[in-house]
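Per UniProt numbering, residue 1 is the first one in the sequence shown, and the count goes up by one each step.
Report on the following structure.
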Amino acid sequence: MRSHIGIIIVYQLNGTWVEVLVLCSLFSQRHTGVNIRSKIVEHIKYWNLNNKVSAIVADNASNNVKALNVDQDIPEQNEYMIDIQNAHFVRCFSHTVQLTVNDILKDKKNRRHT
């Protein structure tokens with residue numbers, strides 16, 4: 001299965017919410033926190049988003065939590081990550097619901113087979 005990474009910027013312009021897809025590409029690297037963080041930092045730099053990030057939405061995977069941990073010591077990235085340390089890290093609601101439903105269905109299936 002191929003993996004992708006996407007970054008969407010959402011902002012207000014003259015009272016209207018605007019969404020811009022700035023990245024949607026194959027992510028062929030291992031899905032480590034450091035690799036995900038490197039991709040985020042690359043695009044924070046490219047799109048000049050320093051001091052402009054107020055929230056980040058990601059799924060519940062531990063590698064995403066690690067990617068957004070500003071306590072990691074990666075000096076060339078820390079100056080960009082420090083600007084998002086006060087950003088709200090929001091767990092993706094849809095992903096949370098999906099995981100919950102899958103757990104319920106798995107539990108139901110296991111009960112039928114016991």
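C-beta atoms are modelled at their ideal positions from N, C-alpha and C, and glycine is treated no differently.
Here the structure is a predicted model, which is why all the values come from computation and not from measurement.
Element boundaries [alpha helix (DSSP H), containing residue i]
{"i": "Gln-98", "result": "93 to 112"}
Coarse secondary structure for residue i, derived from DSSP in three states
{"i": "His-43", "result": "helix"}
{"i": "Ser-25", "result": "strand"}
{"i": "Val-65", "result": "helix"}
Limits of the beta strand (DSSP E) - the one that residue i falls within
{"i": "Val-10", "result": "4 to 13"}
{"i": "Val-57", "result": "55 to 58"}
Neighbourhood of residue i by C-beta distance below 7 Å, restricted to the same chain and skipping five residues each side
{"i": "His-43", "result": "Ile-7, Val-22 and Leu-23"}
{"i": "Gln-29", "result": "Asn-35"}
Own chain, CB closer than 6 Å to residue i, minus 5 neighbours either side, in chain order
{"i": "Arg-37", "result": "Ala-67"}
Residues that residue i bridges to, as DSSP identifies them
{"i": "Asn-34", "result": "The residue asked about is misnamed: residue 34 is Val in this sequence, not Asn. Beta-bridge pairing links Val-34 to no other residue."}
8 Å contact criterion, which residue i and residue j should meet: CB distance rounded
{"i": "Val-90", "j": "Ile-56", "result": "7 Å"}
{"i": "Gly-33", "j": "Asn-69", "result": "7 Å"}
Cut-off 8 Å between Cβ atoms - residues of its own chain near residue i, not counting five sequence neighbours on either side
{"i": "Ser-3", "result": "Leu-26, Phe-27, Ser-28 and His-31"}
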